[in-house]
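J.:
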Amino acid sequence: QSLGRIEVLRGPSSALYGSGLGGSINLFTPEKLKNEGIFNLNYGSFNTLRTNISGTINTPNTRLWGSLSHLQSDGYRANNEYKRTSFITTANWKQPKWSLKSTLLLGSSDGEIPSSLGKTQFENDPKAAAANWEAIEGHKKNKKAMAGVTLTNIISPKLTNQLTLHGKWSDNFEKRPFNNLSEQTLSAGIRNKLSYYRPVTDWVLGIDWIAEQYKWKLEKDELLLNENRENRNQFSVFAIMNYRPTSRLSLSMAGTLNHISYNLTDLFATNGDQSGKRDFPLIVSPRIGVNYAVSDQIALYSSVGHGYSMPSPEETLLPAGDINPDIKPEQGMQYETGARFNLFEKAVEAEVTLYWIELNNLLVTKRITEDIFTGMNAGKTRHQGLELLLRNRIFDLSSFPGTLKSTFSYTFSRNRFVDFTDDGNSYNGNDLPGIPDQYAQLQLSWNPVKKLEVFTHLQYTGNQYINDANSLKYEGYFLVSIKAATQFQIKKAGVFNVYAGVNNLTNTHYASMLLVNALGFGNSEPRYYYPGLSRHFYAGVEIRF
């Protein structure tokens, strides 16, 4: 109940949401026009309990919404208990010439870590935890807070300014077999966006500044091993122009100038002062896109854009703890073209997309020993793919068998090293590990009668390599899930939605995640596999009042 909608932007969006190569996922809280409350209670396998209560209060100029959630579970595996509580609230004030919106998120979690397994244990005892993690009861505790406020001013009918102030705090502790990690993050930022609208052309000009402080320390048996503080500054200037010469043609051009620097302060003098600074060169990220509606049923689009990703704090350090002077941001160009179709009076909606990404300095994390990691650039890579989305209203009748709708999505991709040598081994032409070659989903929604709905979800994850050498491959797998829900109303109590379902209906044995290029220590096998959940059930009720 904490999300109203999700917006997914593929590839570097270059301006409004940054220039990340993977695109952006934007989460929006619900915006209800009427006063209401919602309570949800869900219980399932592994002693999993979920509860949520949310509500909205509206006045002529104000809207207040809040949501409180709790999740706890014994987990599928040993050393796998988990608890999480979160609270999020938004408030909106509107006046004729301005509006103010604020958001506050508070959360805490405490989860045990079963970690990954070697092949023998994964195949024979997937419920087990890695022995070294279970022996010390490895776990991670997290507390976080995020807040933001946005002031929107309508300067004139054509000119609008939007100013956002935001901040974030987190405090994490992770108990690990080789050491314990404590880390704190504090960040603040300001963003201003000026928008100018015309019937044919509109412009957006903005700035974005984020300052972040990240502190971490390593200790074992109450003996301090390392302690550092890293201050990061990121400043961006962005501009967008949208041009619509006709009702069917639109052209967008955008660009961002990005500057990033960081300063490492060594707070552990025992092993020498490893403080240092890094100031990255200015990064320019342009983007151009075009959309053309051939007819009311067919639209074509293409885009070219530049994106980048910065190394994480861990990746900026060498194994000894000092600044890595050679690490670089990964940068690349993405080329995309596609078409959208609305056919048979919108009974069938389809979209097909082709993409090609040329990437330089791919960021990867290399494990040196069990407790030492470092970042490195993996030369040049090439990513090519096809994406297909198909929505279909198969039948729509007023009586049984009712209505049946389907949504099918499919992705095929080839992700290869073009130029990458590590420890004297060339991996040119090899597939990148940990990325399935194809991924497909089919969702069916059937309403046999008015107040009953049955959902079926079919998923296929394709083959993927486990290491850079492509000497080990993990085979693809299918998953099936089913859910049924019915709705009824009780006077003076509210609207009840009762549901039940089963995930992994066929009890498929699979790895939900792979630890690529894992190393074996001592006589142990490399622990590549994170077991996925076995067949599990759940049931719940949602009450709207």
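With the numbering used here as the guide, the letters of the sequence shown map in order to residues 32 to 576.
Where a beta carbon is used, it is the ideal one built from N, C-alpha and C, also for glycine.
#1: What are the residues that DSSP puts in a beta bridge with M364?
#2: I need the DSSP call for E506, collapsed to helix, strand or coil.
#3: Answer with buried or exposed for L148, where buried requires no fewer than 16 other C-beta atoms within 10 angstroms of its C-beta.
#4: What is the DSSP secondary structure of T79, counted as helix, strand or coil?
#5: Note down the Cα distance separating K199 from I56, rounded to an integer number of angstroms.
#6: Helix, strand or coil for Q16? Go by DSSP, reduced to three states.
#7: In terms of alpha-carbon separation, which member of Q362, M364 and A381 lies closest to A370?
#8: Using the Cα positions of S306 and E214, report the straight-line distance between them to the nearest angstrom.
#9: Going by the CB atoms, is the gap between R575 and E143 shorter than 9 angstroms?
#10: Please work out which residues of its chain come closer than 6 angstroms, Cβ to Cβ, to F311, disregarding the five sequence neighbours upstream and downstream, and give them in chain order.
#11: With DSSP as the reference, label Q305 as helix, strand or coil.
#12: Going by beta-carbon coordinates alone, are F448 and L420 separated by less than 9 angstroms?
#13: Would you kindly check if the distance between the Cβ of F77 and the Cβ of H488 is under 9 angstroms?
#14: Apart from the five residues on each side of it in sequence, which residues of its chain come closer than 7 angstroms, Cβ to Cβ, to I241?
#15: Alpha carbon to alpha carbon, how far is Q474 from A500?
#16: Give the straight-line distance between the Cα atoms of D468 and V533, rounded to the nearest whole angstrom.
#17: Taking 6 angstroms as the limit between beta carbons, can you name the residues of its chain near G138, skipping five residues before and five after?
#18: To test your reading of the DSSP string, which unbroken beta strand (DSSP E) runs of 3 or more residues are found completely within the segment 67 to 131?
#19: Between T151 and E418, is the Cβ-Cβ spacing less than 9 angstroms?
#20: Hey, how far is the Cα of M272 from the Cα of V335?
#21: By DSSP, does E168 sit in helix, in strand, or in coil?
#22: Which of helix, strand or coil does DSSP assign to A500?
#23: Please name the residue, chosen from R263, N498 and S512, that lies closest to T296 on a Cα-to-Cα basis.
#24: My assumption, with CB atoms under 8 angstroms, is that L298 sits in contact with N259. Please give the rounded CB distance.
#25: Taking T151 as part of the alpha helix (DSSP H), name the residues at either end of that continuous run.
#26: I'd like to know if the segment 450 to 466 and the segment 476 to 486 are in contact, where contact means that at least 3 CB-CB pairs between them fall below 8 angstroms.
#27: Where do the ends of the beta strand (DSSP E) carrying Y458 lie?
#28: Apply the 10 Å Cβ neighbour rule to M544 and answer buried if 16 or more other Cβ atoms are within range, or exposed otherwise.
#29: From the DSSP output, read off the bridge partner residues of N173.
#30: Can you grab the Cα-Cα spacing for the pair Y569 / L510, in whole Å?
#31: Within a Cβ cutoff of 6 angstroms, which residues of the same chain sit near Q362, ignoring the five residues on either side of it in sequence?
#32: Roughly how many angstroms lie between the CA atoms of K436 and Q328, to the nearest whole one?
#33: Classify R229: buried if its beta carbon has 16 or more other beta carbons within 10 angstroms, exposed otherwise.
#34: Return the chain-ordered list of same chain residues with a C-beta closer than 6 angstroms to the C-beta of E243, the five sequence neighbours on each side being excluded.
#35: Between N89 and the rest of its own chain, which residues show a CB-CB distance below 6 angstroms, the 5 nearest in sequence each way excluded?
#36: Have a look at H101 and N459 and give me their C-alpha separation to the nearest angstrom.
T.: Checking against the coordinates, here is how it stands:
#1: What you label residue 364 is simply residue 333 of the sequence shown in a count that begins at 1. Bridge partners of M364: H337 and E389.
#2: Stepping through the sequence shown from its first residue, residue 506 is reached at position 475. Here E506 sits in coil by DSSP.
#3: Taking the first residue of the sequence shown as 1, we reach residue 148 at position 117. Per the 10 Å Cβ criterion, buried.
#4: Residue mapping note: residue 79 aligns to position 48 of the sequence shown, counting from 1. Strand.
#5: Here residue 199 refers to the residue found at position 168 of the sequence shown. Here residue 56 refers to the residue found at position 25 of the sequence shown. Rounded to whole angstroms, K199 to I56 spans 18 angstroms at the Cα level.
#6: No information on residue 16 is available, as it lies outside the stretch 32 to 576 that the chain covers here.
#7: Translated into positions along the sequence shown, residue 370 becomes position 339. Nearest C-alpha to A370: A381.
#8: The residue given as residue 306 occupies position 275 in the sequence shown. The residue given as residue 214 occupies position 183 in the sequence shown. Each residue's Cα considered, the two are about 18 angstroms apart.
#9: In the sequence shown, the residue the question calls residue 143 occupies position 112. In the sequence shown, the residue the question calls residue 575 occupies position 544. Not in contact: E143 and R575 (Cβ atoms no closer than 9 angstroms).
#10: The residue labelled residue 311 in the question sits at position 280 within the sequence shown. Only I291 meet the Cβ criterion.
#11: Translated into positions along the sequence shown, residue 305 becomes position 274. In this structure, Q305 counts as coil in the three-state DSSP scheme.
#12: The sequence position of residue 448 within the sequence shown is 417, counting from 1. The sequence position of residue 420 within the sequence shown is 389, counting from 1. For F448 and L420, no; Cβs fall outside 9 angstroms.
#13: Within the sequence shown, residue 488 is the residue found at index 457, counting from 1. Within the sequence shown, residue 77 is the residue found at index 46, counting from 1. No; because the gap between Cβ atoms is not below 9 angstroms, this pair is not in contact.
#14: Taking the first residue of the sequence shown as 1, we reach residue 241 at position 210. The answer, listed in chain order, is S218, G220 and Q265.
#15: Numbered from its first residue, the sequence shown carries residue 474 at position 443. Numbered from its first residue, the sequence shown carries residue 500 at position 469. Roughly 36 angstroms separates the two Cα atoms.
#16: In the sequence shown, the residue the question calls residue 468 occupies position 437. In the sequence shown, the residue the question calls residue 533 occupies position 502. Computed Cα separation, rounded: 27 angstroms.
#17: Here the question's residue 138 lines up with position 107 in the sequence shown. These residues qualify, in order along the chain: S117 and K175.
#18: 67 to 75, 79 to 89, 93 to 104 and 113 to 125
#19: In the sequence shown, the residue the question calls residue 151 occupies position 120. In the sequence shown, the residue the question calls residue 418 occupies position 387. No, the Cβ-Cβ distance between T151 and E418 is not below 9 angstroms.
#20: Taking the sequence shown and counting its residues from 1, one reaches residue 272 at position 241. Taking the sequence shown and counting its residues from 1, one reaches residue 335 at position 304. Cα to Cα, the separation comes out at about 15 angstroms.
#21: Start at 1 with the first residue of the sequence shown, and residue 168 comes out as number 137. It is coil, neither helix nor strand.
#22: Sequence index remark: in the sequence shown, residue 500 carries index 469 (1-based). Of the three classes helix, strand and coil, the one that applies to A500 here is coil, per DSSP.
#23: Position 265 of the sequence shown, counted from the start, is the residue given in the question as residue 296. Distances from the CA of T296 to each of R263, N498 and S512 were compared; the closest alpha carbon is that of R263.
#24: Translated into positions along the sequence shown, residue 298 becomes position 267. Translated into positions along the sequence shown, residue 259 becomes position 228. Confirmed, Cβ separation roughly 6 angstroms.
#25: Locating residue 151 in the sequence shown gives position 120, counting from the first residue. Unbroken alpha helix (DSSP H) run through T151: K150 to N155.
#26: no
#27: For the purposes of this step, residue 458 is taken as residue 427 along the sequence shown, with counting starting at 1. Note, Y458: premise wrong, no beta strand (DSSP E); not H, not E.
#28: Taking the first residue of the sequence shown as position 1, residue 544 is located at position 513. Its Cβ having fewer than 16 others within 10 Å, M544 is exposed.
#29: The residue labelled residue 173 in the question sits at position 142 within the sequence shown. In DSSP, N173 forms a bridge with S140 and N203.
#30: Residue mapping note: residue 569 aligns to position 538 of the sequence shown, counting from 1. Residue mapping note: residue 510 aligns to position 479 of the sequence shown, counting from 1. Approximately 16 angstroms, taken between the alpha carbons.
#31: Here the question's residue 362 lines up with position 331 in the sequence shown. Contacts found: Y339 and N391.
#32: On the sequence shown, position 405 is the one that residue 436 refers to. On the sequence shown, position 297 is the one that residue 328 refers to. Their backbone Cα atoms lie some 20 angstroms apart in a straight line.
#33: As a position in the sequence shown, residue 229 is number 198, starting the count at 1. Under this definition R229 is an exposed residue.
#34: By 1-based counting over the sequence shown, the position of residue 243 is 212. The residues are S218 and R263.
#35: Your numbering for residue 89 matches position 58 in the sequence shown. Leaving aside the five residues that flank N89 on each side, the residues in its chain whose CB is nearer than 6 angstroms to its CB run, in chain order, N66.
#36: For the purposes of this step, residue 101 is identified with residue 70 of the sequence shown, where counting begins at 1. For the purposes of this step, residue 459 is identified with residue 428 of the sequence shown, where counting begins at 1. If I take the Cα positions, the gap works out to 47 angstroms.
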